[in-house]
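The working numbering numbers the first residue of the sequence shown as 32 and each following residue consecutively.
Heads up: the structure comes next, in structure tokens.
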Amino acid sequence: MNFGVLHWSYRDFRMMPEELRKCGQEVLEVYLKENFIPAIPAWFFEEMVRLKFICLAGNLLEELPEQISLLVNLETLDVSQNEIKALPKSLGCLHNLTVLKLNQNMLTHLPQEVGQLVNLEVLDVSNNRLNEIPVELSQCVNIKELILNDNQPLVQIPQKLFTLPQLVYVSAERCDLVLLPFAVNTVSLEVLKLFNNHALTHYPLALEKFMQPNYDLLNAVELKRIRKPFYHREIICEALQTKLIFPADLTAILDRRKSGHNASTLVEICLQKCYDQSERGVIHLPTTCLPVALYQKLQHGPVAICGSIPCGKSIFTRGILGLVKRRKHARPVIFSILFCSKICADLWFQYSCDDFSELNWTLI
Ligand SMILES: [Zn+2]
32 MNFGVLHWSY RDFRMMPEEL RKCGQEVLEV YLKENFIPAI PAWFFEEMVR
82 LKFICLAGNL LEELPEQISL LVNLETLDVS QNEIKALPKS LGCLHNLTVL
132 KLNQNMLTHL PQEVGQLVNL EVLDVSNNRL NEIPVELSQC VNIKELILND
182 NQPLVQIPQK LFTLPQLVYV SAERCDLVLL PFAVNTVSLE VLKLFNNHAL
232 THYPLALEKF MQPNYDLLNA VELKRIRKPF YHREIICEAL QTKLIFPADL
282 TAILDRRKSG HNASTLVEIC LQKCYDQSER GVIHLPTTCL PVALYQKLQH
332 GPVAICGSIP CGKSIFTRGI LGLVKRRKHA RPVIFSILFC SKICADLWFQ
382 YSCDDFSELN WTLI
């Protein structure tokens with residue numbers, strides 16, 4: 032008998048089968064899908080140390096024990112369709128993990144230690160109750176697939192996640208997103224699904240290539256669903272009934288048609304320089320070297336990248352905003368674009384005025 036791969040799904044197990052212990056260290060893969068297992072016992076972690084693949088989808092698990100960190104060879108962990116409410120911090124010790132499926136559980140948050148899963152390629156956390164995604168996840172630079180659908184309380188996804196270097200597929204449908212990223216990795220990203228987020232008020236122009244026919248229209252905005260106003264800045268646009276929402280980090284949202292906006296602030300220049308010389312915002316300095324607020328801004332990365340190609344300068348606190356509509360376009364979609372300076376904004380509008388019409392707006 033080959034103990035390397037055990038297919039023990041759909042067997043009506045009411046607890047982790049003790050028979051597994053006889054196979055012990057020979058087992059590399061175990062399928063225990065759709066049983067009624069309520070907990071993973073300590074011996075499982077101590078004795079099944081060679082495991083590379085576990086599928087426990089569709090059981091009754093309420094937690095993952097801290098000892099999961101003993102399974103150092105684990106490459107795939109599928110505990111989808113359980114009743115897990117929280118994850119252990121020790122999950123971050125599974126450095127060989129490439130696939131993590133946590134969909135259809137009851138998670139309200141992810142531990143920041145998920146950022147230590149340096150080999151992670153696929154993360155599925157759809158159908159949970161997540162209200163935020165930790166920015167530390169952006170340290171997982173090998174992520175290719177990120178599935179966040181159906182997390183009703185999720186208002187925002189860290190901008191940095193959209194610029195992960197290997198990213199191919201992101202889906203965050205049916206959440207409650209109020210803001211989308213102003214910069215995405217357009218080199219590798221092939222699919223970006225954002226259907227049915229009814230609190231979105233505008234689309235950053237950088238996302239236009241991912242839009243599809245019949246994409247959720249902005250006149251479907253449900254104002255009642257726009258919560259937490261203290262997170263945002265608001266803008267009135269003459270072409271729209273609803274207010275447009277922008278990140279609170281943008282302390283200065285400037286209009287290119289009102290002159291005198293070229294000079295960057297010292298804070299902005301410092302953030303840009305520090306970020307350019309860091310590894311995606313990971314600063315190799317003691318935290319005491321920088322004020323906490325600046326340190327956090329660097330960790331979270333820029334709010335946007337200047338929309339005037341090839342400038343590509345980071346924008347942290349201060350940007351020139353353009354609100355535009357495509358001239359020959361039936362859909363009434365308002366696109367937003369941020370620039371690092373008036374010069375960049377003027378250049379972009381000069382080259383793009385045949386395709387886009389500029390809209391008037393006022394900061395509230
Ligand atoms: Zn620029």
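Glycine is no exception: its CB is placed at the ideal position from the N, C-alpha and C atoms.
Boundaries for W379: no beta strand (DSSP E) harbours it, while the alpha helix (DSSP H) harbouring it runs K373 to S383, taken from the DSSP string. A324 carries a helical assignment under DSSP once its states are collapsed to helix, strand and coil. Non-local C-beta neighbours of C206 in its own chain, meaning closer than 6 Å and more than five positions away in sequence, comprise N182, L185 and N228, ordered along the chain. Under DSSP, Y200 forms a beta bridge with E176 and V222. In terms of side-chain proximity, the C-beta atom of C342 is found nearer than 7 Å to a non-hydrogen atom of ligand 1. Between A73 and Q98, the gap from beta carbon to beta carbon is short of 8 Å. Beyond the five residues adjoining it in sequence on each side, I267 comes within less than 7 Å, by CB distance, of K274, W392, T393 and I395 in the same chain, given in chain order. When the Cα atoms are used, L231 and Q187 turn out to be separated by approximately 10 Å. In the DSSP secondary-structure assignment, F387 is bridged to R357. Exclusion of the five residues before and after D386 leaves R357 and R358 as the residues of its chain whose Cβ lies within less than 7 Å of its Cβ.
The residues S111, Q112, N113, S157, N158 and N159, in chain order, have a CB closer than 8 Å to that of Q135 in the same chain once the five nearest residues on each side in sequence are set aside.
In the structure shown, G89 adopts coil according to DSSP, grouped into three states. The C-beta separation of K373 from R287 comes to about 5 Å, placing the pair in contact by the 8 Å criterion. The beta carbon of M137 sits closer than 7 Å to those of E114, I115, K116, N159 and R160, all from its chain and outside the five residues before and after it, given in chain order. In the DSSP assignment, F277 is bridged to R264.
Rounded to the nearest angstrom, the gap between the Cα atoms of V313 and K289 is 36 Å. Going by beta carbons, R311 and I284 fall outside the 8 Å limit. In this structure, DSSP gives D155 an extended state, which the three-state scheme calls strand. By the neighbour-count definition (other C-beta atoms within 10 Å, threshold 16), V149 is an exposed residue.
Within the same chain, and ignoring the five residues on either side of V80 in sequence, the residues whose Cβ sits closer than 8 Å to its Cβ are Q56, L101, L102, V103 and N104. In this structure, F84 has its CB at a distance of at least 7 Å from all heavy atoms of ligand 1.
Rounded to the nearest whole angstrom, the C-alpha separation of N216 and L195 is 7 Å. Between M47 and I71, the C-beta gap is smaller than 8 Å, which places the two residues in contact. Under a 10 Å Cβ-count criterion, H360 is classified as exposed, with fewer than 16 other Cβ atoms of the shown protein chains found around its own Cβ.
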